[in-house]
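In our numbering, the protein residues as written are 5 to 242. In what follows, a structure is listed as structure tokens, so that the remarks can point back to it.
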Amino acid sequence: MLKRFLLPLLLGLALTGCQTLDPAVLGELLPALTGRGELSGATIAAGLADALEVGTRQAVAQTSRDGGFGQNPAIRIPLPSKLQGMADGLRKIGFGASVDRFENQMNLAAEQAAGQAAPLFIDAIKQMSIADAQGILSGGEHAATAYFRKVCEPKLQARFRPVAARHMQELGVVTLYGDLLKKYKRIPFAPQPTVSIEEYVANAGVDGLFHVLAQEEAKIRRDPAARTTELLRRVFGQ
Numbered sequence: 005m006l007k008r009f010l011l012p013l014l015l016g017l018a019l020t021g022c023q024t025l026d027p028a029v030l031g032e033l034l035p036a037l038t039g040r041g042e043l044s045g046a047t048i049a050a051g052l053a054d055a056l057e058v059g060t061r062q063a064v065a066q067t068s069r070d071g072g073f074g075q076n077p078a079i080r081i082p083l084p085s086k087l088q089g090m091a092d093g094l095r096k097i098g099f100g101a102s103v104d105r106f107e108n109q110m111n112l113a114a115e116q117a118a119g120q121a122a123p124l125f126i127d128a129i130k131q132m133s134i135a136d137a138q139g140i141l142s143g144g145e146h147a148a149t150a151y152f153r154k155v156c157e158p159k160l161q162a163r164f165r166p167v168a169a170r171h172m173q174e175l176g177v178v179t180l181y182g183d184l185l186k187k188y189k190r191i192p193f194a195p196q197p198t199v200s201i202e203e204y205v206a207n208a209g210v211d212g213l214f215h216v217l218a219q220e221e222a223k224i225r226r227d228p229a230a231r232t233t234e235l236l237r238r239v240f241g242q
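See below:
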């Protein structure tokens with residue numbers, strides 16, 4: 005309310021004794037009175053990148069903890085659809101526990117790999133050139149994540165794949181998969197599936213990280229308490 009009355013008063017004082025108001029003075033005066041100035045495209049782009057970086061750290065923290073994938077229905081990694089027939093067949097002959105263990109280990113591998121995903125994501129964010137920053141800022145609550153995913157997902161999948169593959173080897177996921185295939189071959193006339201399990205888990209892991217990142221972006225847009233840096237408060241508080 006005070007600003008409502010101060011604005012015409014101070015403008016009047018600034019104009020007293022002169023015919024025009026220096027644009028530089030006006031440029032300094034208005035943001036001070038209104039509490040906001042026009043943000044440049046570069047500032048908005050930096051704010052969007054900051055939101056993605058903050059969101060990535062939160063997403064990694066959530067997905068890399070125990071049950072981060074396995075106990076989150078939204079991102080839990082199921083068996084590949086091509087293996088569903090094999091899984092059903094194995095359950096019928098008493099190997100259901102082996103199938104469940106294999107699926108649980110896939111999710112555990114994704115959780116462990118997610119703990120090393122932050123540098124990969126943040127490096128991609130810093131190298132990304134954000135086109136139409138204003139449009140993304142004023143877009144939907146997941147607009148920045150959607151843009152980031154569109155331009156960087158293939159690169160991130162390629163970089164994340166060896167990380168996921170290493171953890172899958174350490175946890176015996178690949179060995180478990182081989183054992184399941186051997187058991188399945190005992191079933192007469194059963195078709196043999198062919199799936200790159202390392203690629204499947206890596207891609208599903210990146211997909212899960214993007215899902216949680218989108219949720220974190222929405223928090224930053226909606227909740228001032230989630231804007232943990234000055235740049236976020238400046239850009240998303242407009």
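Backbone N, C-alpha and C fix where the C-beta goes; we use that ideal spot for every residue, glycine too.
By the Cβ test, the region 146–166 is not in contact with the region 86–97, since fewer than three Cβ pairs between them sit closer than 8 Å. Close CB contacts of P82 within its chain, under the 8 Å cut and outside five residues either way in sequence, are with E107 (chain order). Its chain contains A117, Q120, A121, L124 and A206 as the residues whose beta carbon lies nearer than 8 Å to that of V167, once the 5 sequence neighbours on both sides are disregarded; these appear in chain order. Nearest neighbour of A63 by Cα position, chosen from R170, K186 and K223, turns out to be K223. In this structure, the beta-carbon distance from Q109 to V177 falls below 8 Å.
Burial is judged here by how many other beta carbons sit within 10 angstroms of a residue's own beta carbon; Q131 has fewer than 16 and is exposed.
Around the beta-carbon of A101, fewer than 16 other beta-carbon atoms lie within 10 Å, marking it exposed. Per the C-alpha coordinates, the member of R190, A208 and R226 positioned closest to G143 is R226.
Take V103, set aside five residues on each side of it, and the residues of its chain with a beta-carbon closer than 8 Å to its own are L83, A91, L94, R95 and L184, in chain order. Minimum Cα-Cα distance from L160 among the listed residues Y181, T67 and D127 corresponds to D127.
With fewer than 16 other Cβ atoms from the protein chains shown falling within 10 Å of its own Cβ, E174 counts as exposed.
Annotation for D70: E115 place their beta carbon closer than 8 Å to its own, counting only its chain and skipping 5 residues before and after.
Contact between Q138 and I48 holds, since their C-beta atoms are separated by about 6 Å, short of 8 Å. For F99, same chain residues with a beta-carbon under 8 Å away, outside a window of 5 residues either side, are L184 and K187 in chain order. In terms of CA proximity to L180, R105 leads the group L52, S44 and R105. If you check the CB distance, L43 and A148 do not come in under 8 Å.
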